[in-house]
Amino acid sequence: MRAGRAISAVLAAGAALGAIVLLRRHSATAAVRADLYFEDGSMLSLDHQAPEIDGLMRAARLLVGEN
């Protein structure tokens with residue numbers, strides 16, 4: 037009985053740790069994104085893999101005062 041509880045506790049701790057790691061990875065990659073809204077009502081969404089995002093984020097950080 038004790039071995040079953042110990043195994044269950046180890047499995048639960050491993051699952052929780054795995055979930056935390058996945059959530060941190062997801063939030064780190066999803067953080068950089070730019071949504072561009074145009075006068076005609078259209079929108080363009082750029083994620084962290086878009087080649088234009090580096091220059092755009094650099095300019096945005098300068099405007100906001102972050103270095």
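Residue numbers for the sequence shown follow my numbering, so the first one is 37 and each next one is one higher.
Positions of the beta carbon are idealized from the N, C-alpha and C atoms, including for glycine.
Other residues of its chain near residue i: CB distance less than 7 Å, five sequence neighbours each side excluded
| i | result |
| --- | --- |
| methionine 79 | Asp71, Leu72 and Tyr73 |
Residues near residue i by beta carbon distance below 8 Å, same chain, minus five either side
| i | result |
| --- | --- |
| methionine 93 | Val68 and Ala70 |
| leucine 58 | none |
| alanine 42 | none |
Residue i and residue j closer than 7 Å at C-beta
| i | j | result |
| --- | --- | --- |
| isoleucine 89 | leucine 99 | no |
Other residues of its chain near residue i: CB distance less than 6 Å, five sequence neighbours each side excluded
| i | result |
| --- | --- |
| alanine 39 | none |
In DSSP terms, what residue i is bridged to
| i | result |
| --- | --- |
| serine 81 | Asp71 |
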